[in-house]
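Asks: Got a structure for you, written out below as structure tokens; questions coming shortly.
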Amino acid sequence: MSLLSVFREPLLSSGLSTQLLFGELYNIVHIGSDDQWLKIEGVESTGTGWIMASQHHPLSRDEFDFFVQSPRQVVSQGIGEIRLKDNTLLLLPGSQIHAGQNEIFEWEESIKFNGTSHPFEVKASRAEIIATALTFLNAPFLPGGRSLFGLNASSWLNLIFKISGVILPNELSALKNIGKDREVSEIQAGDLIVFGANQGVPFQAGLYKGEREILWVREKVKTGAFDPEKWASNAALSESIQLMHIKNLVD
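Mapped onto the UniProt record's numbering, the consecutive letters of the sequence shown carry residue numbers 1 to 251.
Here it is in structure tokens:
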């Protein structure tokens, strides 16, 4: 499947918890009482929730361990395409193919990949991280979404850094515990910015673009002004929003 929807509860009406892309792995942690739903936990902090049992693709333990340990290529921009025998699947950015940098060109004739990919093991530069983030411009906000067709702040950042070779938790509250903290005066393009309410609870995050601009997800992925001095001097804003953390995840 190109995209696997993961729900908050074993009900289609419960809303999305997250989504998993082609090639991403998960563990089953619970089987629903009617065997129609499986509770799963995504590998590498992609999220947890319930999937329809009919959409589950089982792997043996040996197969699972092989995929966990194998090198991989991550679809980095646009929409790729993989042909498996007689089936064709579209691969969204962040999808992964379990193959080394050279293996992808050495598969049997029955398997073909067309698209742009990046070796996960090769860490991206700050400029490359910003370039990846910009490919998501205008992608719509979707609670629980995790794809080019709809996402939220944490899932967007999770995908950007995954494509860039860095594992980032798909959860806003966990972002304050990763990376190295910076002062505002030290900020660089590609740094992660975490905002909080006056109770100190993270509620928004973005990526510093440089030139006093931020990339973030509001009603869609877009740019905005990064002006912490103005925010601090505005009494109404300073009570409702705080610049909690600036995180260096690259150096």
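From the three backbone atoms N, C-alpha and C, an ideal C-beta is built for every residue, glycine too.
Model, not experiment: these values are computed from the prediction.
#1: Does DSSP put residue 228 in a helix, in a strand, or in coil?
#2: Give me whichever residues DSSP pairs with residue 50 in a beta bridge.
#3: Can you tell me the Cα-Cα spacing of residue 229 and residue 151, whole angstroms?
#4: In terms of residues, what are the limits of the beta strand (DSSP E) holding residue 255?
#5: So, for residue 220: in the same chain, excluding its five sequence neighbours on each side, which residues have a beta-carbon less than 7 Å away from its beta-carbon?
#6: Any contact between the segment 24 to 38 and the segment 48 to 63? By contact I mean 3 or more CB pairs, one from each, below 8 Å.
#7: So, under 8 Å CB-CB, residue 167 and residue 44 are touching, yes? Tell me the CB distance rounded to an integer number of Å.
#8: What's the C-alpha gap between residue 127 and residue 134?
#9: Is residue 47 closer than 9 Å to residue 143 when the C-beta atoms are compared?
#10: Along the chain, where does the alpha helix (DSSP H) containing residue 155 start, and where does it finish?
#11: Where does residue 205 sit, in a helix, a strand or coil, going by DSSP?
#12: Pick helix, strand or coil for residue 188, following the three-state DSSP scheme.
#13: Below 8 Å on the Cβ atoms is my guess for residue 129 versus residue 164; work out the distance and round it to an integer in Å.
Replies: Reading off the structure:
#1: Locating residue 228 in the sequence shown gives position 228, where the first residue counts as 1. Correct three-state label for residue 228: helix.
#2: Numbered from its first residue, the sequence shown carries residue 50 at position 50. Residue 50 is bridged to 7 and 39.
#3: For the purposes of this step, residue 229 is taken as residue 229 along the sequence shown, with counting starting at 1. For the purposes of this step, residue 151 is taken as residue 151 along the sequence shown, with counting starting at 1. Roughly 29 Å between the two C-alpha positions.
#4: Since the first residue shown for the chain is 1 and the last is 251, residue 255 is missing from the structure and cannot be characterised.
#5: By 1-based counting over the sequence shown, the position of residue 220 is 220. A distance below 7 Å between beta-carbons, with the five flanking residues on each side excluded, links residue 220 to the following residues of its chain, in chain order: 138, 139, 140 and 141.
#6: Touching, yes, given that three or more Cβ pairs across the two stretches are closer than 8 Å.
#7: To locate residue 167, count along the sequence shown from 1; it is residue 167. To locate residue 44, count along the sequence shown from 1; it is residue 44. Confirmed, Cβ separation roughly 5 Å.
#8: Position 127 of the sequence shown holds residue 127. Position 134 of the sequence shown holds residue 134. Each residue's Cα considered, the two are about 11 Å apart.
#9: The count along the sequence shown starts at 1 and reaches residue 143 at position 143. The count along the sequence shown starts at 1 and reaches residue 47 at position 47. At the C-beta level, residue 143 and residue 47 stay beyond 9 Å of one another.
#10: As a first step, residue 155 must be located in the sequence shown, where it is residue number 155. For residue 155, the enclosing alpha helix (DSSP H) starts and ends at 153 to 163.
#11: By one-based count along the sequence shown, residue 205 stands at place 205. Residue state for residue 205 is assigned as strand, using DSSP reduced to three classes.
#12: Along the sequence shown, one-based indexing puts residue 188 at 188. Assignment of residue 188 by DSSP, reduced to helix, strand and coil, places it in the coil class.
#13: Residue mapping note: residue 129 aligns to position 129 of the sequence shown, counting from 1. Residue mapping note: residue 164 aligns to position 164 of the sequence shown, counting from 1. With a beta-carbon spacing of about 5 Å, residue 129 and residue 164 fall inside the 8 Å limit used to define contacts.
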